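The sequence shown begins at 62 in the working numbering and counts up one residue at a time.
The C-beta atom is built at its ideal place from N, Cα and C for all residues, glycine as well.
For clarity, every value in this text was computed on a predicted model and none was experimentally measured.
These notes are about the structure you will find just below.
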Amino acid sequence: MPDIFEPTNIIVTGGCGFIGSNFVRWVVKNHPECHITVLDKLTYAGNPANIAGLPESQVELVVGDICDAELLDQLVPGHDAIVHYAAESHNDNSIADPEPFVQTNVVGTYRLLQAARKHDVRYHHISTDEVYGDLALDEPRRFEPDDPYRPSSPYSSTKASSDLLVRAWERTYGIRATISNCSNNYGPYQHVEKFIPRQVTNILCGIRPKLYGTGENVRDWIHTEDHSRAVWDILTKGKIGETYLIGANGEKSNIEVLREILSLMGQTEDAFDWVRDRPGHDRRYAIDPTKLERELGWKPVHTDFAEGLAQTIEWYRTHESWWRPAKEATERKYSEQGQ
Ligand code: NAD
Ligand code: DAU
Numbered sequence: 062m063p064d065i066f067e068p069t070n071i072i073v074t075g076g077c078g079f080i081g082s083n084f085v086r087w088v089v090k091n092h093p094e095c096h097i098t099v100l101d102k103l104t105y106a107g108n109p110a111n112i113a114g115l116p117e118s119q120v121e122l123v124v125g126d127i128c129d130a131e132l133l134d135q136l137v138p139g140h141d142a143i144v145h146y147a148a149e150s151h152n153d154n155s156i157a158d159p160e161p162f163v164q165t166n167v168v169g170t171y172r173l174l175q176a177a178r179k180h181d182v183r184y185h186h187i188s189t190d191e192v193y194g195d196l197a198l199d200e201p202r203r204f205e206p207d208d209p210y211r212p213s214s215p216y217s218s219t220k221a222s223s224d225l226l227v228r229a230w231e232r233t234y235g236i237r238a239t240i241s242n243c244s245n246n247y248g249p250y251q252h253v254e255k256f257i258p259r260q261v262t263n264i265l266c267g268i269r270p271k272l273y274g275t276g277e278n279v280r281d282w283i284h285t286e287d288h289s290r291a292v293w294d295i296l297t298k299g300k301i302g303e304t305y306l307i308g309a310n311g312e313k314s315n316i317e318v319l320r321e322i323l324s325l326m327g328q329t330e331d332a333f334d335w336v337r338d339r340p341g342h343d344r345r346y347a348i349d350p351t352k353l354e355r356e357l358g359w360k361p362v363h364t365d366f367a368e369g370l371a372q373t374i375e376w377y378r379t380h381e382s383w384w385r386p387a388k389e390a391t392e393r394k395y396s397e398q399g400q
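Structure (structure tokens):
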């Protein structure tokens, strides 16, 4: 049985983004003994509304940049862990302008690792399955923790770089670090630039959904709440220096997902546009979560994708004031890219 780490005062970077804010909400609900300092720069993807209404005694928002070493030096002492979600997260943006990806994902991670080292705090690094590159559509294999890194996009290459920094800091300086690489998340509070929210809000706005390339690309979907629980399990029970893959056996092609959305929203199955493919588009991601299940006893709860998708659609239907402000600019950007 692994040693249990019981954090009481953690920093969550990127806690105003999609997955970070879902994690903050999950911790507030399930671990009221744990205080959370959210460190977030509030880029276009960060929204303080994502953590609004949470008890002030348990959640504090500090607006700042993870690249700011002085700020980290002031903030980190007194905390017992950093859970690092903050990133530039969107592949299409990284193709259009990689600069902020290198800054935030690589330099920002470096600065956090230096702070974790200096102040001796536990560090958990949130990463992506995309560091492993892609699989052929018909390959029986799935990604495993020790697979070689083969990132394809500017985004995934900066995430891969950040993972390698973590591994080196753990081995060389002995920082207490773990890494998790998760597959595609879905659920509430996801920015309208991403696949599922884009199509759902397009339909709600009377715009036809947009499918890249052939629509055959496969993503391995997991509900963001299952991701949150896995991260807590790794933070509290994971073995220092280890990498855990998080996935919920949720492989689906993009066209399958789009057809489910169309059907759940009362549209015909051909009511969408084919658009220009993403350059370097990864074909398929698939996670083997055996290590996480066997060693830490984690299992996904949201195993019915159609039900999770229906709830997510309902969330966007009832939260128009949350997504509306970002919608027009996002679609303008896509349309300039031919997507
Ligand atoms: P997101 O884009 O929704 O949120 C990113 C958050 O980070 C925002 O709140 C933003 O303001 C903040 N941020 C960006 N740059 C910052 C900086 N320099 N300093 C401080 N804060 C900054 O991203 P997401 O989809 O929630 O992803 C969160 C993490 O999970 C990322 O590390 C991503 O690589 C990883 N991940 C995402 C998925 C997915 O499906 N979305 C899957 C696996 C892993
Ligand atoms: O696998 C984990 C990764 O999942 C995370 O690391 C990333 O942060 C996250 O953004 C996500 O990356 P993807 O590139 O897979 O997600 P995205 O939502 O951008 O696209 C999902 C799939 O849908 C992908 O094959 C591209 C396709 N797509 C996307 C959009 C926005 C479309 O066909 N049409 C679209 O309009």
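Candidates Ile-187, Gly-81 and Ile-97: which alpha carbon is nearest Tyr-250's?
Residue 250 sits at position 189 when you count from the first residue of the sequence shown. Comparing Cα positions, the closest option is Gly-81.
Quick one: give me the first and last residue of the beta strand (DSSP E) that Ile-143 is part of.
Here residue 143 corresponds to residue number 82 of the sequence shown, with the count starting at 1. Counting along the chain, the unbroken beta strand (DSSP E) around Ile-143 starts and ends at 142–145.
Nearer than 7 Å: is that true of the beta carbon of Glu-149 relative to any heavy atom of the ligand NAD?
To locate residue 149, count along the sequence shown from 1; it is residue 88. Glu-149 has its Cβ nearer than 7 Å to a heavy atom of the ligand NAD.
Gly-114 to Arg-86, Cα distance in whole Å?
Stepping through the sequence shown from its first residue, residue 114 is reached at position 53. Stepping through the sequence shown from its first residue, residue 86 is reached at position 25. Each residue's Cα considered, the two are about 10 Å apart.
Kindly examine the ligand DAU and report whether one of its heavy atoms sits closer than 7 Å to the Cβ of Glu-191.
Start at 1 with the first residue of the sequence shown, and residue 191 comes out as number 130. Yes - the ligand DAU has a heavy atom lying nearer than 7 Å to the Cβ of Glu-191.
Identity of the residue in Glu-131, Thr-104, Asp-224 and Thr-364 nearest Pro-209 by Cα
Your numbering for residue 209 matches position 148 in the sequence shown. Nearest to Pro-209 by alpha-carbon distance, out of Glu-131, Thr-104, Asp-224 and Thr-364, is Asp-224.
Could you spell out the range, first to last residue, of the beta strand (DSSP E) harbouring Leu-272?
Your numbering for residue 272 matches position 211 in the sequence shown. Taken as a continuous stretch (DSSP letters only), the beta strand (DSSP E) holding Leu-272 covers 271–273.
What three-state label does DSSP hand Tyr-184 in the structure shown?
Translated into positions along the sequence shown, residue 184 becomes position 123. Looking at Tyr-184 - three-state DSSP - the assignment turns out to be strand.
Run the CB neighbour count on Tyr-234, radius 10 Å, all protein chains shown included, and call it buried at 16 or more, exposed below.
The count along the sequence shown starts at 1 and reaches residue 234 at position 173. Tyr-234 is classed as exposed because its beta carbon has fewer than 16 other beta carbons within 10 Å across all chains shown.
CB-CB under 7 Å to Asn-252, same chain, minus the five flanking residues each way: which ones, in chain order?
For the purposes of this step, residue 252 is taken as residue 191 along the sequence shown, with counting starting at 1. Looking at the sequence itself, residue 252 is His, so the reference to Asn does not match. Counting only Cβ-Cβ distances below 7 Å, and skipping sequence neighbours, we find Phe-79, Ala-106, Pro-258 and Ala-387.
From Ala-148, Asn-91, Tyr-377 and Ala-142, pick the residue whose C-alpha is nearest to that of Gln-260; which is it?
For the purposes of this step, residue 260 is identified with residue 199 of the sequence shown, where counting begins at 1. Nearest Cα to Gln-260 within the set Ala-148, Asn-91, Tyr-377 and Ala-142: Tyr-377.
Taking buried to mean at least 16 other C-beta atoms within 10 Å of its own C-beta, is Ser-396 buried or exposed?
For the purposes of this step, residue 396 is identified with residue 335 of the sequence shown, where counting begins at 1. Its Cβ having fewer than 16 others within 10 Å, Ser-396 is exposed.
Straight-line CA distance for Glu-389 to Asp-281?
The residue labelled residue 389 in the question sits at position 328 within the sequence shown. The residue labelled residue 281 in the question sits at position 220 within the sequence shown. If you take the alpha carbons of Glu-389 and Asp-281, they lie about 28 Å apart.
Cβ-heavy atom distance, Phe-366 to the ligand DAU, below 7 Å:
For the purposes of this step, residue 366 is identified with residue 305 of the sequence shown, where counting begins at 1. Checking the Cβ of Phe-366 against the ligand DAU gives no.
By how many angstroms is the C-alpha of His-284 removed from the C-alpha of His-363?
Position 302 of the sequence shown holds residue 363. Position 223 of the sequence shown holds residue 284. Rounded to the nearest angstrom, the gap between the Cα atoms of His-363 and His-284 is 6 Å.
What's the call for Ile-307, buried or exposed, on a 16-neighbour Cβ count within 10 Å?
Locating residue 307 in the sequence shown gives position 246, counting from the first residue. That one is buried.
Apply the 10 Å Cβ neighbour rule to Trp-293 and answer buried if 16 or more other Cβ atoms are within range, or exposed otherwise.
One-based indexing of the sequence shown puts residue 293 at position 232. Trp-293 should be labelled buried.
Extent of the continuous beta strand (DSSP E) to which Arg-280 belongs
Within the sequence shown, numbered from 1, the residue matching residue 280 stands at position 219. Arg-280 -> beta strand (DSSP E) spans 279–281.
Segment limits, alpha helix (DSSP H) that includes Ser-222:
Looking up residue 222 in the sequence shown gives position 161. Where Ser-222 is concerned, the enclosing alpha helix (DSSP H) starts and stops at 215–234.
Would Ser-314 and Glu-375 be called neighbours here (beta carbons separated by less than 8 Å)?
Position 253 of the sequence shown, counted from the start, is the residue given in the question as residue 314. Position 314 of the sequence shown, counted from the start, is the residue given in the question as residue 375. Going by C-beta atoms, Ser-314 is not nearer than 8 Å to Glu-375.
Any contact between the region 123–139 and the region 199–206? By contact I mean 3 or more CB pairs, one from each, below 8 Å.
Segments in contact, no.
Tell me whether Ser-223, by its Cβ, gets closer than 7 Å to a heavy atom of the ligand DAU.
On the sequence shown, residue 223 is found 162 positions in, with the first residue counted as 1. Incorrect: Ser-223 has no Cβ contact closer than 7 Å to the ligand DAU.
Status (buried if at least 16 other CB within 10 Å, exposed otherwise) for Pro-93:
Working through the sequence shown from its first residue, we reach residue 93 at position 32. It is exposed - the Cβ of Pro-93 has fewer than 16 other Cβ atoms within 10 Å.
Arg-393, buried or exposed, once every other Cβ within 10 Å from all chains shown has been counted against 16:
Counting from 1 along the sequence shown, the entry for residue 393 is found at position 332. By the 10 Å Cβ count, Arg-393 comes out exposed.
Tell me whether Tyr-146 counts as near the ligand NAD, meaning its Cβ is closer than 7 Å to at least one heavy atom of that ligand.
As a first step, residue 146 must be located in the sequence shown, where it is residue number 85. Checking the 7 Å criterion, the Cβ of Tyr-146 is within range of a heavy atom belonging to the ligand NAD.
Taking the alpha-carbon positions, what's the Arg-228 to Thr-329 distance?
As a position in the sequence shown, residue 228 is number 167, starting the count at 1. As a position in the sequence shown, residue 329 is number 268, starting the count at 1. Looking at the two C-alpha atoms, the distance is approximately 48 Å.
Identity of the residue in Thr-170, Ile-348, Lys-102 and Glu-205 nearest Ser-244 by Cα
Taking the sequence shown and counting its residues from 1, one reaches residue 244 at position 183. Put simply, of Thr-170, Ile-348, Lys-102 and Glu-205 the residue whose alpha carbon is nearest the alpha carbon of Ser-244 is Ile-348.
Keeping to the same chain, check which residues put their C-beta closer than 6 Å to that of Trp-230; ignore five residues upstream and five downstream.
Counted from its first residue, the sequence shown places residue 230 at position 169. Here the set comprises Leu-174 and Ile-236.
Could you pull out every residue in the same chain whose Cβ sits closer than 8 Å to the Cβ of Phe-403, ignoring the five residues on either side in sequence?
Because residue 403 is not part of the residues shown, which for the chain are 62 to 400, the question remains open.
In whole angstroms, what separates the C-alpha of Arg-232 from that of Pro-206?
If you number the sequence shown from 1, residue 232 lands on position 171. If you number the sequence shown from 1, residue 206 lands on position 145. Roughly 17 Å between the two C-alpha positions.
In whole angstroms, give me the CA-to-CA distance for Tyr-305 and Leu-296.
By one-based count along the sequence shown, residue 305 stands at place 244. By one-based count along the sequence shown, residue 296 stands at place 235. Each residue's alpha carbon lies about 11 Å from the other.
Going by the CB atoms, is the gap between Thr-219 and Val-167 shorter than 8 Å?
Stepping through the sequence shown from its first residue, residue 167 is reached at position 106. Stepping through the sequence shown from its first residue, residue 219 is reached at position 158. The answer is yes: Cβ separation under 8 Å.
Decide if Asp-287 is buried, meaning its Cβ has at least 16 other Cβ atoms within 10 Å, or exposed.
As a position in the sequence shown, residue 287 is number 226, starting the count at 1. By the neighbour-count criterion, in which 16 or more other beta carbons inside 10 Å mark a residue as buried, Asp-287 falls on the buried side.
Is Leu-306 helix, strand or coil when you go by DSSP?
Against the sequence shown, residue 306 aligns to sequence position 245. Secondary structure of Leu-306 (DSSP, three-state): strand.
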